[in-house]
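Inspection log for the structure reproduced underneath, given as structure tokens.
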Amino acid sequence: MPKRHLGTGRGHAAPPVVFVDSSAWIALFSARDRHHDEVDRVFRVAVADSVRLVTTSLVLSEVHRFQLFHSGIAAAARALDAIDASRLVRVAFPDAEHHAGARRWLAKFPDQPISYVDAVSFAFMEAERLRAALTLDQDFTIAGFDLWQRAQ
């Protein structure tokens, strides 16, 4: 069973790289989101601890679409600008291998409503040997990944 949280507090090392899912980005950029304060705190800790973050262009597509239709064109552009400007964030671009991996992940959980974007994220994390994700999405724990947040 995967751990619920990985910490960077006393006695715990930060994961070398943490995957960031759209739910975390959306909460970060949406001050009205009920998870905004929690996610903002975790991102601030990640920055302070120089935790390297990675996300995919498909995740950014979800973030942009959400911001576009909930907060407007300018907010959607600001979200992408903020991610692109961060020295700690790497945006990866999935390829055919990630697509094939996503199909395997979807077949592995035929009874779960896992999105294609999440399945590509799982395939990417698997290929990069990443264990931890900054997400509010329980699909990542269903797939066996750890949810990352700093121990308080």
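If you're matching positions, the sequence shown starts at 29 in my numbering and goes up one per residue.
Glycine residues also receive a C-beta, built at the ideal position from the N, C-alpha and C atoms.
Just so you know, these numbers come straight off a predicted model, no measurement behind them.
Straight-line spacing of the CA atoms in D167 and A102 works out to 30 Å. The beta carbon of V87 is closer than 8 Å to those of V48, D49, S50, W53, V145, S149 in its chain, skipping five residues each way along the sequence.
Annotation: the continuous alpha helix (DSSP H) that includes T169 extends over 167-170. For the segment 80-133, the continuous alpha helix (DSSP H) assignments of 4+ residues that do not extend past its boundaries occur at 85-98, 101-113, in sequence order. In this structure the segment 77-85 touches the segment 113-128; the number of beta carbon pairs closer than 8 Å is three or more. Only residues of its own chain outside the window of five on either side were considered, and among them F47, R159, A161, F173 have a CB closer than 8 Å to the CB of M153, listed in chain order. Judged by DSSP secondary structure, A55 falls within the alpha helix (DSSP H) whose first and last residues are 50-57. Between the beta-carbon of L108 and that of H92 there is about 6 Å, and that keeps the pair under the 8 Å contact cut. D174: member of the beta strand (DSSP E) spanning 174-176, first to last residue.
When DSSP states are grouped into helix, strand and coil, F137 belongs to the coil group. As a beta-bridge residue in DSSP terms, F47 pairs with V82, A161. By the CB criterion at 9 Å, A55 and L116 fall outside the cutoff. Rounded to whole angstroms, the gap between the alpha carbons of V45 and D112 is 17 Å. Residue burial is scored here from C-beta neighbours: S58 has at least 16 other C-beta atoms within 10 angstroms and is therefore classed as buried.
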